[in-house]
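As structure tokens, the structure follows; a few thoughts come after it.
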Amino acid sequence: EGGGGGGGASILLPVGALRALRRLTAFSGGRALVVSGDKGNNNPEQFRGLMDPHIAVHGSFSVMVNYHAIGTYFTSRGGFALHNPQEEASLKVSTFVVAGDASLDDPPG
């Protein structure tokens, strides 16, 4: 999602989070309400520019959550996402909802 312009972007895809959400939602008949708060981005404009993703090292390591990608996943399944609008907040909180009528991929196997 996004306009042209071609300036490039660096994006982290939350593959593990999406797999976990898909499997958990399959257990609930395709219904889910997820509230998540962490360091991350929810606006695709924040991904513009080719740069290395921020990796925090603190006994282990962590990366920023791509809440926009998780929201896109839920909306593609007939649900919706609500993101906090404060761009400069260090803690981003997002809510994701899907009603259950649309299949959220295959059930866990």
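Quick note: the working numbering has the sequence shown finishing at residue 115, numbered continuously throughout. All C-beta atoms, glycine included, are put in the ideal place defined by N, C-alpha and C.
Strand pairing of residue i, partner residues [DSSP]
i     : result
Ala15 : Arg54 and Gly55
Distance CB(residue i)-CB(residue j) smaller than 8 Å
i     : j      : result
Gly84 : Val104 : yes
His89 : Ser100 : yes
Gly36 : Gly106 : yes
Lys98 : Asp58  : no
Leu19 : Tyr79  : no
Leu27 : Val41  : no
Buried versus exposed, by CB contacts within 10 Å (16 or more), residue i
i      : result
Gly22  : exposed
Ala87  : buried
Gly66  : Note that residue 66 corresponds to Ser in the displayed sequence, not to Gly. Looking at its Cβ environment, which holds fewer than 16 other Cβ atoms inside 10 Å, Ser66 is exposed.
Asp112 : Confidence in Asp112 is poor, its pLDDT being 48 and thus under 50, which makes the residue's placement unreliable; the coordinate value appears in the next sentence. It counts as exposed.
Ala75  : buried
Ala38  : buried
Glu7   : Per-residue confidence for Glu7 stands at a pLDDT of 47, beneath the threshold of 50, marking its modelled position as unreliable; no derived number is given.
Within the region 32-105, ranges of the alpha helix (DSSP H) (whole runs, at least 4 residues): Contiguous alpha helix (DSSP H) elements confined to the region 32-105 occur at 73-82, taking only those with 4 or more residues.
Between the region 44-58 and the region 93-103, do at least 3 Cβ pairs fall closer than 8 Å? Taking a cut-off of 8 Å on C-beta distances, the region 44-58 touches the region 93-103, as three or more cross pairs fall below it.
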